[in-house]
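Enquirer: Got a structure for you, written out below as structure tokens; questions coming shortly.
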Amino acid sequence: MFELLEKLCMTPAPSGCEKQIRELIEKEISPYVDSVETDVMGNLIAHKKGNGKKLMFAAHMDEIGVVATCHGEKGQVHIAALGGVDPYASLYQRVRFLNGVEAVLAPDGKADILKTLKMQQLYADVGAKTEEEAKALVPVGEAGVFVGEYTEQNGCIRSKALDDRFGCFVLIETIKRMTKQENDLYFVFTVSEELGLRGAKTAVYNVEPDYAVVLDVTRTGDVPSEDKKALELKKGAIIKVMDRGFIAHSVVRERMVELCEKNGIDYQMGVLTQGATDAGAIHLFGGGVPSGVIAVPTRYIHTPGETVAQSDIENVLALTLAIAEEGIL
Ligand code: CO
Ligand code: ZN
């Protein structure tokens, strides 16, 4: 069942370079929807015609990464972050540029810079000896993603880019499995979420939904490195109450709880003060769009070791499928 998730996670798509993942998703969903189109920004918008109010599901296709900014005389490829990348989590990690060149992110100095390390103090070591050689391998503007193998162990999945290929996976599976619907349904795969919810801001104009449901990852409170919160791995789908950019609309949130109770789906309520999702942009469109977020509890977000539980993904999928089939009326 998770083979498709692996394929999605391993397809490189840093913000602004979503072509490859968009083509993969389009191929997967085309036979199951009435229409599918790519808008000006690159968002993929699929329509499953129905009666009733317009319900828009959204998951972002992009992942965090790096981009080459300039070159050093010793063959360094200097970089900047694409999205919220932690420099300490990036230290000595491998990245792969979209042209296939691989590198290690190394600190551009000795111990003193490690105390207040910034992403721009890391350079990509591509094994070049001169500036010319480095330029030829990775030109300015070339983007790359972290290297992080997809593995399954003890009921958990560990991979780079589970943020938000997990959400893309859940929407694709929902499209494939659903057998009835109560709403006019749109499934939107957005671009550049990691740079500030940019794709969602324009996609919502093209759909003009009455309701929106966003799928994304959410931090847990079950590791010492995170703020205290009542969210754990293997405890079920997260129904978000709030995050830094959004408060869930009661109509959508209560409908989610109702469908979990009715269908025996495990869930936990998510109250967060950090983090944001595409819902932060979508719910502010026009006169406002009642919106909700379904999330999978995730450890070590924005690192190559993002970790989720298979059972949590199954619960998220069950809830998403229930909303698609039974609707928000
Ligand atoms: Co993210
Ligand atoms: Zn995300």
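Quick note, my numbering runs 30 ahead of the 1-based positions in the sequence shown. Note that the Cβ used here is the ideal one computed from N, Cα and C, for glycine as well.
#1: Applying the 10 Å Cβ sphere with the 16-neighbour rule, what's the burial state of residue 292?
#2: For the beta strand (DSSP E) that residue 173 lies in, which residues bound it at each end?
#3: What would DSSP say about residue 143, mapped onto helix, strand or coil?
#4: Can you name the residues that DSSP bridges to residue 137?
#5: Taking just the CA atoms, how far does residue 257 sit from residue 199?
#6: Taking all protein chains shown into account, decide if residue 81 is buried (16 or more other Cβ within 10 angstroms of its Cβ) or exposed.
#7: If you follow the beta strand (DSSP E) that residue 206 is part of, which residue opens it and which one closes it?
#8: Apart from the five residues on each side of it in sequence, which residues of its chain come closer than 6 angstroms, Cβ to Cβ, to residue 41?
#9: On the criterion of 16 or more Cβ atoms from any shown chain inside 10 Å, does residue 185 qualify as buried, or is it exposed?
#10: Are the CB atoms of residue 105 and residue 158 nearer to each other than 8 angstroms?
#11: Can you tell which of 277, 173, 308 has its C-alpha closest to the C-alpha of residue 301?
#12: Please determine whether the Cβ atom of residue 48 lies at a distance below 7 angstroms from any heavy atom of the ligand ZN.
#13: For the ligand CO, any of its heavy atoms closer than 7 angstroms to the Cβ of residue 193?
#14: Using a Cβ-Cβ cutoff of less than 6 angstroms, which residues in the same chain neighbour residue 210 once the five nearest sequence positions on both sides are dropped?
#15: Whose C-beta lies closer than 8 angstroms to the C-beta of residue 99 among residues of the same chain, with five residues either side of it excluded?
Expert: Taking the geometry as given:
#1: exposed
#2: 173-176
#3: helix
#4: 152
#5: 28 angstroms
#6: exposed
#7: Segment 192-207 is the alpha helix (DSSP H) holding residue 206; no beta strand (DSSP E) there.
#8: 50, 51, 54
#9: exposed
#10: yes
#11: 277
#12: no
#13: yes
#14: 355
#15: 108, 109, 110, 150, 170
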